Amino acid sequence: MSTLLQQVKVSDTSSEFHNQNVDILIDNHTIIQIAPQLDNEADQVIEAGGMTIMPGWVDVMADFSEPGYEHKETIHSGLAAAVNGGFRQVFVVPNTQPVIHNKSMVEFIVNKGRSAAAKVHPLGAVSKGTEGKELAEMLDMYYAGAIAFSDGWKPVQNAQLLLKALEYVKSFDGIIIQVPVNQSLAAGGLMHEGPNSVKWGMPGIPSIAESLQVYRDLELLRYTGSRLHFSGISTAASLELIKAAKNEGLDVSCSVTPHHLLYTDAILETYDSNYKVEPPLRSESDRQALIAAVLDGTIDCIATHHRSHEWDAKTREFEYTAYGMNTIETAYAMIREAIPGISDETLCSLMSGNARKIFRLEAATIAKDGRDFTIIDPAGKWTFNNNSKKSLGINSPLLQHELEGRIINI
Amino acid sequence: MSLSVKHLLGIKDLKKEDIELILHTAANFKDVLQRPIKKVPTLRDTTIVNLFYENSTRTRISFELAEKRLSADTINFAASSSSVSKGETLIDTVNNVLSMKVDMVVMRHSATGAPHFLSRHIPASIINAGDGINEHPTQALLDAYSIKERLGGLEGRKVALIGDIMHSRVALSNIYLLTKMGAEVEVCGPPTLIPKHIEHLGVRVSYDLKKTLQWCDVANVLRIQLERQHKPLFSSLREYNLYYGVSRQLVDSLDKEIVIMHPGPINRGVELNSDVADSGHSIILDQVENGVAVRMAVLYLLAGKKDELVV
Chain P
1 MSTLLQQVKV
11 SDTSSEFHNQ
21 NVDILIDNHT
31 IIQIAPQLDN
41 EADQVIEAGG
51 MTIMPGWVDV
61 MADFSEPGYE
71 HKETIHSGLA
81 AAVNGGFRQV
91 FVVPNTQPVI
101 HNKSMVEFIV
111 NKGRSAAAKV
121 HPLGAVSKGT
131 EGKELAEMLD
141 MYYAGAIAFS
151 DGWKPVQNAQ
161 LLLKALEYVK
171 SFDGIIIQVP
181 VNQSLAAGGL
191 MHEGPNSVKW
201 GMPGIPSIAE
211 SLQVYRDLEL
221 LRYTGSRLHF
231 SGISTAASLE
241 LIKAAKNEGL
251 DVSCSVTPHH
261 LLYTDAILET
271 YDSNYKVEPP
281 LRSESDRQAL
291 IAAVLDGTID
301 CIATHHRSHE
311 WDAKTREFEY
321 TAYGMNTIET
331 AYAMIREAIP
341 GISDETLCSL
351 MSGNARKIFR
361 LEAATIAKDG
371 RDFTIIDPAG
381 KWTFNNNSKK
391 SLGINSPLLQ
401 HELEGRIINI
Chain E
1001 MSLSVKHLLG
1011 IKDLKKEDIE
1021 LILHTAANFK
1031 DVLQRPIKKV
1041 PTLRDTTIVN
1051 LFYENSTRTR
1061 ISFELAEKRL
1071 SADTINFAAS
1081 SSSVSKGETL
1091 IDTVNNVLSM
1101 KVDMVVMRHS
1111 ATGAPHFLSR
1121 HIPASIINAG
1131 DGINEHPTQA
1141 LLDAYSIKER
1151 LGGLEGRKVA
1161 LIGDIMHSRV
1171 ALSNIYLLTK
1181 MGAEVEVCGP
1191 PTLIPKHIEH
1201 LGVRVSYDLK
1211 KTLQWCDVAN
1221 VLRIQLERQH
1231 KPLFSSLREY
1241 NLYYGVSRQL
1251 VDSLDKEIVI
1261 MHPGPINRGV
1271 ELNSDVADSG
1281 HSIILDQVEN
1291 GVAVRMAVLY
1301 LLAGKKDELV
1311 V
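Chain order of the listed sequences is P and E. Taking this note's numbering, the leading residue of the first sequence gets 1, the next gets one more, and so forth. Taking this note's numbering, the leading residue of the second sequence gets 1001, the next gets one more, and so forth.
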C-alpha cells in the first residue's frame, strides 16, 4: 500500500531536504519519491504538517527475553513493539537462557529478527554465562554480528576481567557497555537511598553505587585506551565524571533511559512495582541533571532498558517483583513529557545520529530508497492499551493512559 | 468518631486525631480487661485471619487474645506450615482465605509494603503487624499508650530510640507517632545502624548512649535484629553490649528518673542487661499488657461497629 505524506518536515543534516517541508511517497516501508511537492496518486494521503521524518531511531539497550523467557517477550514481539515506538535498530542484552555468549547464540538472535521491520543487534556477553569470571568468545561473536559487548543486567564487577575485556576488544575496535553498578554497595537495596527510602522503610541503593563504578571503569578505560559506553546513567555525580572524561579525550559515551528522565524516587510511595527498575529512579536533582545532560550532549543516546514482564512477575510483594519497565513503545511520549521543548535536532542526535557513530551503524539518510526512518507527530495523541500495544508484557505505568507524542508507522 | 483510614498500614498515614482516638478507645478496653469477665461481644460476627509470614510470638498472641476478647472468630496462619511453602503467592493465599468470608486480615511480612500491596487487591481491612523494615504501627501505639500511662502525656516528652534503628520497623513507627504527638525524639546507636538521611524525619541523632540517656525521659531500647543483618554493621555482640548496651551501672550513674522500654523479644546481655530489664525503671511488661488493649481498640475501630457501645 502506498502512502503520500504531504508537507512533512525533514530533520536530517545529511539530507538535501534538511529542515524543509516536503512530500514523500512511501511504499513497502521504502521512500519511493521525495520532493518539495508531489502529485502522485497514492492509496493513502496523510496531511503531515507538524510531523517530522528523521533517520531511524536506535535503542542501545533492551531486553527481548528470547531465548529462555518467551512468556515475557520474544524477538518477534519485541521488534514489533520497537517499531511501534519508532525504533528501527535495537541492541538486546545477552541475559537470556542460555546466555548470548558464543557465535551460535549471536546467529540465533540475528536469524530470529531477520524478517522484521526493525533490526535486532545482539550484545554479546563479556564473560561466559555473564558470570563475571572468564572472557566469552568476543572475537568470534563480533564476526558473527554482535554489535558490542556487555554482561547486561549483571555488569562486570571484577576489575581485572573488565580490564582484559577492554583490551581484548581493541583488536576489532570493539566497545564494552556497562550498566554501572557496584553490587557490593547496591546489595539488598530496592530504591534510591535518600529521605524517601528512610520515610517508606525501604532498603536504599546509594548514588555512589553507580558513581564509584563509573569512576573505576573510567580509570580502566584510561589505562587500556579502549572504548566504553555506560548504559542507563541515573545520577548527577556520574554525569560529572563522564563529562570530565570526555573533555580529557577518553573514548567514552553514555545513554539514559526514558524513565530516568521522567520519574523520580518520589513515585515509589505506594510501592508500585511498575517503578521498580535498576538502576533505581533517583532524586529530582538527579533527574534535572540528566535532562540538562541530554540538552548539552553529555548524554549521547537513549537506552530504553525495555524489560517486559508478565502479570505474575510484577503482582507480588515489591521486594519479590522483577526489575524493569516496559518502555520501548512509550519512549517518545515519555521523553516529550520529560523535555517538552526538545528540538528535532536534539532528538535526531539522541535517538539516532550519536548511536550510529558510536556503534558504527550505517548512516540513514532521508532520501529516495531510504528504509531506515522514523516519523513523529509531536502533538499526536494516542492511548497505550492492549489494542495499540505490541509487547507481550503488562509492566508499564502508562497502560490505559492517553499519551502525547505519536509515532507514525507506514 | 471513626478513623480516617480503612486499613492500619502504618502510623505514617494516620492523623493526630486517629492516634488520639485509638489511645482513648484502648483505655476503655484496658478497663474491660481488669474485669472478672474480660470478654465483650463487640466483634461476635466478625472473622479475622492472622497471617504471619514471619515468626512472631508476642505480637501474634497479643492479636489473637485481643480478637478473642472481642468475641471475633479467628484463624491462624503461619507461612512455614502452609501452602506458601508449596509456592503459593500472597494474593492467592489471601483470596483463598477471603473466599471463606473473612472480614479482616492481620498480617506480618518480611517484605516492606506487603500489606500496602495487599490492600490494593482485596476488599478486607488490613492491619499491619509489621512489614519488613518499614512499620509496626500497633507496637508504636502500645508504646505511646504505655508512655502516656506512666508519664501522663506525650507532648514535650523526650523519647530516645536506642540500638538498631536501620532494621527496626518499631523505630520508624515510633518516630512517626511521637513526632505527630509533639514528643521530641532522638535516635542513638552505632552510626552503621542509623540510616543516612534519618534527620529528614525530624529526629535528633546521637552516637553516645550516656548523653542520650541523660537527655531523655524515656529510653525505648530496640532489639538487635540479628536475623536481618546481611552486611557488616558492628564487630561483635560483646563490643555492642559494652558501648551500646543499657546496664544497671549506666542507669544508676544518671541519677534521675528514666523509663526503660523494649518491644521484645529481648536479647538479654546484648542491648539490655537483665538488671535493668527487670528493674523498677522498666515498663516492659506493661507494654505487653497494654498491647492487648491497643489491638482491641484498633480491631474495634477498623471493624466500624459504631452502633455498639464499647463499655
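Virtual Cβ for every residue (Gly too), placed ideally from N, Cα, C. Here the structure is a predicted model, which is why all the values come from computation and not from measurement.
Quick check: the Cα distance between P/Lys368 and P/Ser388, rounded to an integer number of angstroms?
Locating residue 368 of chain P in the first sequence gives position 368, counting from the first residue. Locating residue 388 of chain P in the first sequence gives position 388, counting from the first residue. C-alpha separation (whole angstroms): 30 Å.
Which bits of chain E does P/Gly194 rub up against, with CB to CB less than 9 Å?
Start at 1 with the first residue of the first sequence, and residue 194 of chain P comes out as number 194. Simply Lys1196, His1197 and His1200.
Can you have a look at P/Ser104 and say buried or exposed, based on whether 16 or more other CB atoms are within 10 angstroms of its CB?
Residue 104 of chain P sits at position 104 when you count from the first residue of the first sequence. It is exposed - the Cβ of P/Ser104 has fewer than 16 other Cβ atoms within 10 Å.
Quick check on the DSSP output: the beta strand (DSSP E) that includes P/Pro122 runs from which residue to which?
Locating residue 122 of chain P in the first sequence gives position 122, where the first residue counts as 1. Run containing P/Pro122: Lys119 to Gly124, per the beta strand (DSSP E) assignment.
Taking the alpha-carbon positions, what's the P/Pro98 to P/Pro67 distance?
Stepping through the first sequence from its first residue, residue 98 of chain P is reached at position 98. Stepping through the first sequence from its first residue, residue 67 of chain P is reached at position 67. Between P/Pro98 and P/Pro67, the C-alpha separation is close to 7 Å.
Could you work out which residues of chain E lie near P/Trp200, taking near to mean beta carbons separated by less than 7 Å?
Residue numbering aside, residue 200 of chain P sits at position 200 when the first sequence is read from its first letter. Going along chain E in sequence order, the residues near P/Trp200 (Cβ under 7 Å) are Asn1134.
Using a Cβ-Cβ cut-off of less than 7 Å, list which residues of the region 253 to 275 of chain P approach chain E; keep chain order.
Thr270 and Tyr271
With burial defined as no fewer than 16 other Cβ atoms inside 10 Å of the residue's Cβ, what is the status of P/Asn28: buried or exposed?
As a working mapping, residue 28 of chain P is identified with position 28 in the first sequence. Looking at its Cβ environment, which holds fewer than 16 other Cβ atoms inside 10 Å, P/Asn28 is exposed.
DSSP bridge partner residues for E/Asn1050 (one or two, in chain order):
On the second sequence, residue 1050 of chain E is found 50 positions in, with the first residue counted as 1. According to DSSP, which records beta bridges pairwise, E/Asn1050 is partnered with E/Asn1076 and E/Val1106.
Neighbouring residues, chain P, relative to E/Ile1091 (Cβ below 9 Å)
Sequence index remark: in the second sequence, residue 1091 of chain E carries index 91 (1-based). In chain order: Thr315 and Arg316.
Indicate whether P/Ala159 and P/Leu185 have their beta-carbon atoms separated by less than 8 Å.
Residue numbering aside, residue 159 of chain P sits at position 159 when the first sequence is read from its first letter. Residue numbering aside, residue 185 of chain P sits at position 185 when the first sequence is read from its first letter. Their beta carbons are not under 8 Å apart, which means P/Ala159 does not touch P/Leu185 by this criterion.
Put P/Thr257 into one of helix, strand or coil per three-state DSSP.
Taking the first residue of the first sequence as position 1, residue 257 of chain P is located at position 257. Looking at P/Thr257 - three-state DSSP - the assignment turns out to be coil, as it is neither helix nor strand.
Per DSSP, P/Leu403 is paired with what?
The count along the first sequence starts at 1 and reaches residue 403 of chain P at position 403. Bridge partners of P/Leu403: P/Trp382.
Less than 8 Å between C-beta atoms, sequence neighbours within five positions excluded: which residues of the same chain meet that for E/Glu1135?
Numbered from 1 along the second sequence, position 135 holds the residue referred to as residue 1135 of chain E. Only Leu1009, Gly1010, Ile1011, Lys1012, Asn1128, Arg1169, Leu1172, Ser1173 and Tyr1176 meet the Cβ criterion.
Amino acids of chain E, ordered along the chain, whose beta-carbon sits closer than 8 Å to that of P/Tyr413
Residue coverage of chain P in this structure runs from 1 to 410, which leaves residue 413 of chain P outside it and unanswerable.
Any chance you could list the alpha helix (DSSP H) runs of at least 4 consecutive residues sitting entirely within the region 1166 to 1207 of chain E, in chain order?
Listed in chain order, the complete alpha helix (DSSP H) runs (minimum 4 residues) inside the region 1166 to 1207 of chain E are 1169 to 1180.
Residue range of the beta strand (DSSP E) that P/Ile32 falls in?
Counting from 1 along the first sequence, the entry for residue 32 of chain P is found at position 32. Its beta strand (DSSP E) spans residues Thr30 to Ala35.
Over the uninterrupted beta strand (DSSP E) stretch that includes P/Asp59, give me the two end residues.
Within the first sequence, numbered from 1, the residue matching residue 59 of chain P stands at position 59. Here the beta strand (DSSP E) through P/Asp59 covers Trp57 to Asp63.
Just to make sure I have the definition right: I need the residues of chain P whose C-beta is within less than 7 Å of the C-beta of E/Leu1172. Which are they?
Along the second sequence, read from residue 1 onward, the residue named residue 1172 of chain E stands at position 172. Gly201, listed in chain order.
Residues near P/Gly145 in its chain [Cβ-Cβ closer than 6 Å; skip 5 each side]:
Reading the first sequence from its first residue, position 145 is the one you call residue 145 of chain P. Closer than 6 Å at Cβ, skipping near neighbours: Val106 and Val110.
Closer than 9 Å, Cβ to any Cβ of chain P: which residues of the region 1100 to 1124 of chain E, in chain order?
His1109, Ser1110, Ala1111, Thr1112, Gly1113, Ala1114, His1116, Phe1117, Leu1118, Arg1120 and His1121
Strictly under 8 Å for the Cβ-Cβ distance: is E/Arg1169 near chain P by that measure?
Residue 1169 of chain E sits at position 169 when you count from the first residue of the second sequence. Cβ-Cβ to chain P under 8 Å: yes for E/Arg1169.
Would you identify the three-state DSSP class for P/Met54, choosing helix, strand or coil?
Within the first sequence, the letter at position 54 stands for residue 54 of chain P. Correct three-state label for P/Met54: strand.
With distances taken Cα to Cα, identify the nearest neighbour of P/Asn326 among P/Ile177, P/Asn385, P/Ser127 and P/Gly380.
For the purposes of this step, residue 326 of chain P is taken as the residue at position 326 of the first sequence. For P/Asn326, the nearest C-alpha among the options comes from P/Asn385.
3 or more residues per run - each beta strand (DSSP E) lying fully within the region 241 to 325 of chain P:
If we require 3 residues or more, the beta strand (DSSP E) runs fully inside the region 241 to 325 of chain P come out as 252 to 256.
If you count every other CB in all the chains shown that lies within 10 Å of the CB of P/Phe87, and 16 or more means buried, which is it?
Position 87 of the first sequence, counted from the start, is the residue given in the question as residue 87 of chain P. Result: buried.
Should E/Leu989 and E/Val1270 be called a contact, given that it needs their Cβ atoms to be closer than 8 Å?
This structure leaves residue 989 of chain E out entirely; chain E is present only between 1001 and 1311.
Please decide whether P/Asn395 counts as near chain E, where near means a Cβ-Cβ distance under 8 Å.
Taking the first residue of the first sequence as position 1, residue 395 of chain P is located at position 395. No, P/Asn395 lies away from the interface with chain E (no Cβ there is under 8 Å from its Cβ).
When you compare the CB positions of P/Ala118 and P/Val90, do they come within less than 8 Å of one another, or not?
Translated into positions along the first sequence, residue 118 of chain P becomes position 118. Translated into positions along the first sequence, residue 90 of chain P becomes position 90. Yes; because the gap between Cβ atoms is below 8 Å, this pair is in contact.
Taking the alpha-carbon positions, what's the P/Val120 to P/Gly225 distance?
For the purposes of this step, residue 120 of chain P is taken as residue 120 along the first sequence, with counting starting at 1. For the purposes of this step, residue 225 of chain P is taken as residue 225 along the first sequence, with counting starting at 1. Rounded to whole angstroms, the separation of the alpha carbons of P/Gly225 and P/Val120 is 28 Å.
If I'm right that E/Gln1139 touches E/Pro1265 with Cβ under 8 Å, what's the distance once you round it to whole angstroms?
To locate residue 1139 of chain E, count along the second sequence from 1; it is residue 139. To locate residue 1265 of chain E, count along the second sequence from 1; it is residue 265. Going by Cβ atoms, the distance from E/Gln1139 to E/Pro1265 rounds to 12 Å, so no, they are not a contact pair.
My output table needs one value for P/Met141: the three-state DSSP class, helix, strand or coil.
Looking up residue 141 of chain P in the first sequence gives position 141. Secondary structure at P/Met141: helix, using DSSP grouped into helix, strand and coil.
Output needed for P/Asp43: all residues of its chain with C-beta closer than 8 Å, excluding positions within five of it in sequence on either side, in chain order.
Your numbering for residue 43 of chain P matches position 43 in the first sequence. Once the five neighbours on either side are set aside, the close Cβ partners of P/Asp43 are Met1, Ser2 and Thr3.
Spatial distance of P/His76 from P/Ile375 (CA atoms):
Counting from 1 along the first sequence, the entry for residue 76 of chain P is found at position 76. Counting from 1 along the first sequence, the entry for residue 375 of chain P is found at position 375. Rounded to whole angstroms, the separation of the alpha carbons of P/Ile375 and P/His76 is 22 Å.
Assuming P/Leu228 and P/Gln288 are in contact, meaning their beta carbons sit under 8 Å apart, how far apart are those beta carbons, in whole angstroms?
The count along the first sequence starts at 1 and reaches residue 228 of chain P at position 228. The count along the first sequence starts at 1 and reaches residue 288 of chain P at position 288. Wrong, their Cβ atoms sit about 25 Å apart, outside the cutoff.
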